[in-house]
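Undergrad: For reference, the structure I am asking about is given below.
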């Protein structure tokens, strides 16, 4: 990658990452930088290890080789306590929210707050209510159990829990998968709004071309066990690689691009 | 983080207004402490909050600012925030916009009629459940009759597969369990009967209790645990993944394809398992009688043939098909009740086992009464 000249602060640095399951190599020599405050979209065909990459950076998967540096600390060389302290500085939203099914939404959001010394239950509850409201859920949703919520609401609740401690990085695994177009657009808007107002760095794995167009500052394409190319949407349109070309020039991509141009046009008027 | 636990707050009272100067980190780690320190703030005075020395402000800090604002403005005084940077302003604005507005759902106290209604619903639910099971039994019978009339629709391969799963693979556990029960009976019987010098009657004790009751009852309980749960899990996971609906749209009958081979396999295999259990139990009893009481295998055999009527064996084995039907129908029924989430699969599976074991024991009790009445 030619991203080395005058780099902005790389909050996550992945170097020479290798992941394999048995003899199946998912990543080999993968390099990736994520800069502070940006929204990075990771795309790739099915089975190229997008989710595995997310899980590896979030520490849920031990890589076979390579270094992962987050906030300037090498994750693999850290002890348990330092590791736990780093982990409060990021949040992960799983595909279906991964809420604890035996707890209400509010209790789910309060779970990470229990680690904070001296935070009284009333304040924790009020802050949980604030987070629930910030992700666009109605107040009464806090009293509900995950099984009583729709898929979109569960994703929002999962995001509220990921944001409970005001992390600097959030990892989102397919945030708009399974949502209807209106819900998906609203979720995109929510992510962008939160990212701007909270100064979040967002690492999101997606298949949704609308999401890529609407909110991603930069896109990283996974292919052939590594990051093939990174850049803005405009850069992607000029890449020669056949897969990247098909991905960003297919009929769906053109429709998404047209929709985005329409939108920006309207905004300017 | 512990390093964040530093906030400086200066409360400077002036004429008619109070100036609050904050510095350092105003985050979720410090917000409880800040709130404690602000409780001393005088009510009714205007407040100016100076955030220019704040190095980090998160949503919890912004929430604290907004609650302070609400508190001050509620007394009719004015509140102002000074020294903010643009990003702080946008954070404060977005938090202000989404400050939760508590709503409560009206709660009515539970009255006597609610309690009665709950009891009524419970009873009606129980009755419906039993009727549902009877419905599934009828479905099985009708499909079985259909299979007899149209043998082409019947899946023989599936039946053989389930016979292997239900019967053949259960042999070791059933035989071992029954052997140990025989050992226990001989041991316990011996120590009691020895007091009367009636050791030899331990043979009758073992034979009657195993052949009449324990052999088949304990086999059924093991099979209920093993097989009812397996039926529920298999059919339930198909239900969960909409495979059952797919079958229907393809013109395939789930009852014919899924229920008939399973229940029929159980119907064929449970008597065989019961017989194996009987033999293993007698073997265990004979072995223990020999070791503990010195009753030789020959004597055990003679005593068994002379003293135990074959009707005991019949009484035991005649129950097997009934237990098989109960276990099979309960397992298949529970599988069909699974909804599209994993929790309901787990719930139905454990419910199937409990229901099947309970129903088997109830049926066994009814059989005992029945056989006592007709004098067998």
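Chains as they are written, first to last, in this note's numbering: chain Y, 1 to 269; chain P, 1001 to 1376.
Note that the Cβ used here is the ideal one computed from N, Cα and C, for glycine as well.
Mind checking who residue 1348 of chain P pairs with in its DSSP beta bridge?
TA: In the DSSP output, where bridge partners are listed per residue, residue 1348 of chain P has none listed.
Undergrad: Could you check whether the Cβ of residue 116 of chain Y sits closer than 9 Å to any Cβ belonging to chain P?
TA: Yes, because at least one Cβ of chain P sits closer than 9 Å to the Cβ of residue 116 of chain Y.
Undergrad: Starting from the Cα of residue 1077 of chain P, find the closest Cα among P:1126, P:1016 and P:1063 and give me that residue.
TA: Comparing Cα-Cα distances from residue 1077 of chain P to each of P:1126, P:1016 and P:1063, the minimum goes to P:1016.
Undergrad: How many angstroms separate the CA atom of residue 1037 of chain P from the CA atom of residue 1074 of chain P?
TA: Going from the Cα of residue 1037 of chain P to the Cα of residue 1074 of chain P covers about 19 Å.
Undergrad: Would you say residue 1001 of chain P faces chain Y, with C-beta separation under 9 Å as the test?
TA: Note that residue 1001 of chain P scores a pLDDT of 41, beneath 50, so its modelled location is shaky and nothing firm can be said.
Undergrad: Among Y:130, Y:197 and Y:44, which one has its Cα closest to the Cα of residue 212 of chain Y?
TA: Measuring from the Cα of residue 212 of chain Y, the nearest candidate turns out to be Y:44.
Undergrad: Where DSSP assigns a beta bridge to residue 1150 of chain P, which residues make up the other side?
TA: Paired residues: none, contrary to the question.
Undergrad: Do residue 90 of chain Y and residue 168 of chain Y count as a contact pair if the criterion is CB distance below 9 Å?
TA: Yes, these two residues count as a Cβ contact at 9 Å.
Undergrad: Helix, strand or coil for residue 1265 of chain P per DSSP?
TA: It is helical.
Undergrad: So, does the CB of residue 78 of chain Y fall closer than 9 Å to a CB anywhere in chain P?
TA: Not closer than 9 Å to any Cβ of chain P, the Cβ of residue 78 of chain Y fails to qualify, so no.
Undergrad: With residue 220 of chain Y as the anchor, note down where its beta strand (DSSP E) starts and where it stops.
TA: 218–223 is the span of the beta strand (DSSP E), which, as asked, contains residue 220 of chain Y.
Undergrad: Give me the subset of the segment 1096–1126 of chain P whose CB atoms are less than 8 Å from a CB atom of chain Y, sorted by chain position.
TA: The segment 1096–1126 of chain P vs chain Y, Cβ under 8 Å: 1098, 1099, 1100, 1101, 1102, 1103 and 1105.
Undergrad: Beta-carbon of residue 1014 of chain P versus every beta-carbon of chain Y: anything under 9 Å?
TA: Not one chain Y Cβ lies under 9 Å of residue 1014 of chain P.
Undergrad: Cβ closer than 7 Å: which chain Y residues qualify as neighbours of residue 1415 of chain P?
TA: Residue numbering for chain P in the displayed model covers 1001 to 1376; residue 1415 of chain P lies beyond these limits and cannot be assessed.
Undergrad: In whole angstroms, what is the alpha-carbon distance linking residue 49 of chain Y and residue 1276 of chain P?
TA: Distance between the alpha carbons of residue 49 of chain Y and residue 1276 of chain P: 53 Å.
Undergrad: Residues of chain Y with CB under 8 Å from residue 1341 of chain P, in chain order?
TA: In chain order: 147.
Undergrad: What are the start and end residues of the beta strand (DSSP E) that includes residue 1023 of chain P?
TA: Residue 1023 of chain P -> beta strand (DSSP E) spans 1017–1026.
Undergrad: Find the nearest neighbour of residue 1266 of chain P within the set P:1282, P:1241 and P:1223, judged by alpha-carbon distance.
TA: For residue 1266 of chain P, the nearest C-alpha among the options comes from P:1223.
Undergrad: So that I know if they touch, is there some Cβ in chain Y lying closer than 9 Å to that of residue 1087 of chain P?
TA: Closer than 9 Å to some Cβ of chain Y, the Cβ of residue 1087 of chain P qualifies, so yes.
Undergrad: Quick check on residue 1035 of chain P - is its C-beta less than 9 Å from some C-beta in chain Y?
TA: Cβ-Cβ to chain Y under 9 Å: yes for residue 1035 of chain P.
Undergrad: Is any beta-carbon of chain P found at less than 9 Å from that of residue 139 of chain Y?
TA: Chain P, which has a Cβ nearer than 9 Å to the Cβ of residue 139 of chain Y, makes this yes.
Undergrad: Which runs of the beta strand (DSSP E), 3 residues or longer, sit entirely within the segment 129–199 of chain Y?
TA: DSSP runs (the beta strand (DSSP E)) wholly in the segment 129–199 of chain Y: 169–173.
Undergrad: Looking at the C-beta of residue 256 of chain Y, does it have a partner C-beta in chain P at a distance below 9 Å?
TA: Cβ-Cβ to chain P under 9 Å: no for residue 256 of chain Y.
Undergrad: With a cut-off of 9 Å, does the C-beta of residue 1071 of chain P fall near any C-beta of chain Y?
TA: Residue 1071 of chain P does not count as touching chain Y.
Undergrad: Which residue's Cα is closest to the Cα of residue 1326 of chain P: P:1263, P:1047, P:1304 and P:1013?
TA: Cα-wise, what sits closest to residue 1326 of chain P is P:1263.
Undergrad: Identify whether residue 67 of chain Y lies in helix, strand or coil by the three-state DSSP scheme.
TA: Here residue 67 of chain Y sits in strand by DSSP.
Undergrad: Assuming residue 1285 of chain P and residue 1193 of chain P form a contact by the criterion Cβ under 8 Å, report the distance between their Cβ atoms to the nearest whole angstrom.
TA: 13 Å between Cβ atoms; not a contact.
Undergrad: Opposite residue 1011 of chain P in the DSSP bridges: which residues?
TA: Answer by DSSP bridge pairing, in chain order: P:1020.
Undergrad: In terms of residues, what are the limits of the alpha helix (DSSP H) holding residue 1067 of chain P?
TA: Taken as a continuous stretch (DSSP letters only), the alpha helix (DSSP H) holding residue 1067 of chain P covers 1059–1074.
Undergrad: How long is the line joining the alpha carbons of residue 88 of chain Y and residue 63 of chain Y, rounded to whole angstroms?
TA: Those two C-alpha atoms are separated by around 21 Å.
Undergrad: Residues of the segment 1052–1086 of chain P in Cβ contact with chain Y at a cutoff of 7 Å, in chain order, please.
TA: Answer in chain order: 1058, 1059, 1060 and 1063.
Undergrad: Would you kindly check if the distance between the Cβ of residue 219 of chain Y and the Cβ of residue 230 of chain Y is under 9 Å?
TA: Cβ distance < 9 Å, so residue 230 of chain Y and residue 219 of chain Y count as in contact.
Undergrad: Going by other Cβ atoms of all chains shown within 10 Å of its Cβ, with 16 needed for buried, is residue 1012 of chain P buried or exposed?
TA: Exposed is the call here.
Undergrad: Quick check: what's the CA-CA separation for residue 97 of chain Y versus residue 1149 of chain P?
TA: Distance between the alpha carbons of residue 97 of chain Y and residue 1149 of chain P is about 51 Å.
Undergrad: Grab me the residues of residue 1007 of chain P's own chain with a C-beta within less than 8 Å of its C-beta, minus the 5 sequence neighbours each way, in chain order.
TA: Cβ within range, chain order: 1022, 1023, 1024, 1025, 1026, 1030, 1033 and 1034.
Undergrad: Could you check the C-alpha separation between residue 1044 of chain P and residue 1099 of chain P for me, to the nearest Å?
TA: So the alpha carbons of these two residues sit roughly 23 Å apart.
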